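Enquirer: Here it is: the structure, laid out below.
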Amino acid sequence: MSKVKVNVCMGTTCFVMGGSNLQELMEIVPKKYGDKVEVTGSPCLGLCSINWEYSKAPYVKVNDETVVEATVEKVLEAIDKEVEKLN
Amino acid sequence: MFIDIDVSQQKKYNQNAYGDYFVSKRFPETGRLLAVLSDGLGSGIKANILACMTATMLLKFMEEGTSIKKSCETIMNSLPVCQVRKISYSTFSALDCDEFGNAKIVEEGNPQFLWVRNGKILEPDFEVLTSKEFPNRHMHIYHLKLQTNDRLIFCSDGVTQSALGSKNLRLGLRREGLIEIVKNELSKEPDISSSNLAKRIVKQAILNEPDRLPKDDVSAVCVYYREPRNSVVFTGPPYHQEKDSFYAKALMDFKGKKAIAGGTTANLISRELNIPIRTSVNLNMGKLPAISYMDGIDLVTEGILTLTKTCEYLDTDEFQNDAAGELANFMKDTDCITFMVGAKLNQAHYDPNLPIEIEIRKNIIKKLSDILQNKYFKKVNVQYM
Numbered sequence: 220m221s222k223v224k225v226n227v228c229m230g231t232t233c234f235v236m237g238g239s240n241l242q243e244l245m246e247i248v249p250k251k252y253g254d255k256v257e258v259t260g261s262p263c264l265g266l267c268s269i270n271w272e273y274s275k276a277p278y279v280k281v282n283d284e285t286v287v288e289a290t291v292e293k294v295l296e297a298i299d300k301e302v303e304k305l306n
Numbered sequence: 069m070f071i072d073i074d075v076s077q078q079k080k081y082n083q084n085a086y087g088d089y090f091v092s093k094r095f096p097e098t099g100r101l102l103a104v105l106s107d108g109l110g111s112g113i114k115a116n117i118l119a120c121m122t123a124t125m126l127l128k129f130m131e132e133g134t135s136i137k138k139s140c141e142t143i144m145n146s147l148p149v150c151q152v153r154k155i156s157y158s159t160f161s162a163l164d165c166d167e168f169g170n171a172k173i174v175e176e177g178n179p180q181f182l183w184v185r186n187g188k189i190l191e192p193d194f195e196v197l198t199s200k201e202f203p204n205r206h207m208h209i210y211h212l213k214l215q216t217n218d219r220l221i222f223c224s225d226g227v228t229q230s231a232l233g234s235k236n237l238r239l240g241l242r243r244e245g246l247i248e249i250v251k252n253e254l255s256k257e258p259d260i261s262s263s264n265l266a267k268r269i270v271k272q273a274i275l276n277e278p279d280r281l282p283k284d285d286v287s288a289v290c291v292y293y294r295e296p297r298n299s300v301v302f303t304g305p306p307y308h309q310e311k312d313s314f315y316a317k318a319l320m321d322f323k324g325k326k327a328i329a330g331g332t333t334a335n336l337i338s339r340e341l342n343i344p345i346r347t348s349v350n351l352n353m354g355k356l357p358a359i360s361y362m363d364g365i366d367l368v369t370e371g372i373l374t375l376t377k378t379c380e381y382l383d384t385d386e387f388q389n390d391a392a393g394e395l396a397n398f399m400k401d402t403d404c405i406t407f408m409v410g411a412k413l414n415q416a417h418y419d420p421n422l423p424i425e426i427e428i429r430k431n432i433i434k435k436l437s438d439i440l441q442n443k444y445f446k447k448v449n450v451q452y453m
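Note that the protein sequences, when read in sequence, are chains A and B. Each number in our numbering corresponds to the 1-based position in the first sequence with 219 added. Each number in our numbering corresponds to the 1-based position in the second sequence with 68 added.
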């Protein structure tokens, strides 16, 4: 069974722009989706430096989709979409 | 050889200032180290001022290039005499040594130092120089050639005279008692750090007192000659991207403990050396991003925020249980720290909308290396890339 992979950027920009509030995902996601979804941190996704003038940190990757200005709600929404694709 | 030096002190009970004073200065370019321990007459503020003046003046003389003998002689001849007690205002021990094992020591009034080699106490010869102005003042001058694993232990009379007049130690701990404590500690832990040995000597001296209250200022300075423990902190991507692999290899070839501070930096090393990064189960650790793991690297943390916090922790010597605390301990546990600092900027860090002011990497490293050198007596090399 393939899994939905969530990758949270823990780099400097993302962390100060709100990434520090995404810790909740580590508790909510396993409760809500069981082992269908896997959340991990990444030292840096490298997205803030690409379009730095208009950086939309914090970034989270849900499979290949990038969630910009991520909040717990936005990430859960993106996960829902990907989980639906699985079904 | 690396000279591991540290001091531990306790003030006399009921006093709010230390009456003993210790200063030391390391010269990384020449491998020279100067240190002075001075004991001021009496206790409290008065003693503190006397000891502080003696120690700092003596260190300054030696630093300016005056020989240790001449510097000490000048101080010995110029120290005033207390009008009430008719004794010198302060006593001192001065050390001028280098990483090649050459050491010159001068003592005036302080208890004789201990020289320990392979658990045995060596008794070196010394020259006595009597003051022309004050015939009751004598300097003892020693020239030693130290080897790896040798230790020197200096203390104020607060250690050797601890428990003076008590039932068990009528004459105080004395030199014999101090030797016993040192031998005992070394048999339990032969490679004990200077910092811990000094702490234990002071603690034991105070425990000897029947009421556990120090009756005088108690200080112990330990010097330990050992092979240096090296570490490297790699932070920031190199300015020229084509040099990434060169520097990644240099990191892996480094002999010693290795840390990476920076998300992009960790990715770069992972990519160049093909070592996967494993993150921890949490995203945060306290108020900082959590640490990650890579085979062959002892510590992987986020960059700027963690380094800034590490700097703060080292400055106050109070560590929290987070990534910066780990990095601070990593640095504290080694003698020679090399910083490999990448000069590439991440423009996104300088966005004025960022809620936290993010410092320039070079500035943090400068601050960190100053603290490590001046407060923790570490040898620091900074390499920009």
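Where a beta carbon is used, it is the ideal one built from N, C-alpha and C, also for glycine. These numbers come from a predicted model, not from an experiment.
1. Quick one: what does DSSP say M130(B) is sitting in, helix, strand or coil?
2. Does D419(B) come within less than 8 Å of chain A when only Cβ atoms are used?
3. Identify the contact partners of E370(B) in chain A, using a Cβ-Cβ distance below 9 Å as the criterion.
4. Reducing DSSP to helix, strand and coil, say where P357(B) ends up.
5. What residues from chain A crowd round P282(B), counting only those whose CB sits closer than 8 Å?
6. Check whether the region 368-385 of chain B and the region 278-294 of chain A are in contact - that is, three or more C-beta pairs closer than 8 Å.
7. Report the partner residues of C404(B) according to the DSSP bridge assignment.
8. Three or more beta-carbon pairs under 8 Å between the region 304-314 of chain B and the region 254-261 of chain B, yes or no?
9. By DSSP's criteria, Y89(B) is part of a beta bridge. Which residues make up the other side?
10. Please state the DSSP three-state secondary structure of K412(B).
11. Opposite M207(B) in the DSSP bridges: which residues?
12. Just checking: is the beta-carbon of P357(B) within a distance shorter than 8 Å of some beta-carbon in chain A?
13. How would you label S76(B), buried or exposed, when you count the other beta carbons within 10 angstroms and need 16 or more for buried?
14. Could you compute how far the alpha carbon of Q151(B) sits from the alpha carbon of R294(B)?
15. Quick one: what's D164(B) bridged to in DSSP?
16. For the pair the region 224-240 of chain B and the region 189-209 of chain B, tell me if three or more CB-CB distances fall below 8 Å.
17. Please confirm whether G295(A) has its beta-carbon closer than 8 Å to some beta-carbon of chain B.
18. So, using beta-carbon positions, are K412(B) and I365(B) closer together than 8 Å?
19. Give me the Cα-Cα distance between V258(A) and V302(A), rounded to the nearest whole angstrom.
20. Would you say S221(A) lies against chain B (beta-carbon separation less than 8 Å)?
21. From I71(B) to S158(B), what does the alpha carbon distance come to, in whole angstroms?
22. Mind checking E141(B): buried by the 16 CB within 10 Å criterion, or exposed?
23. Within its chain, find whatever has a CB closer than 7 Å to the CB of R268(B); leave out the 5 residues flanking it on each side and keep chain order.
24. On the DSSP letters alone, give me the boundaries of the alpha helix (DSSP H) that A316(B) sits inside.
Expert: On the basis of the supplied data:
1. helix
2. yes
3. M229, G230, T231, F234, P262 and C263
4. strand
5. Correct list: empty, because the minimum Cβ distance to chain A is about 46 Å.
6. no
7. N298(B) and K447(B)
8. no
9. S106(B)
10. coil
11. L197(B)
12. yes
13. buried
14. 45 Å
15. L102(B) and K172(B)
16. no
17. Residue identity check: residue 295(A) is Leu in the sequence provided, not Gly. No, because no Cβ of chain B sits closer than 8 Å to the Cβ of L295(A).
18. no
19. 14 Å
20. no
21. 27 Å
22. buried
23. E253
24. D312 to D321
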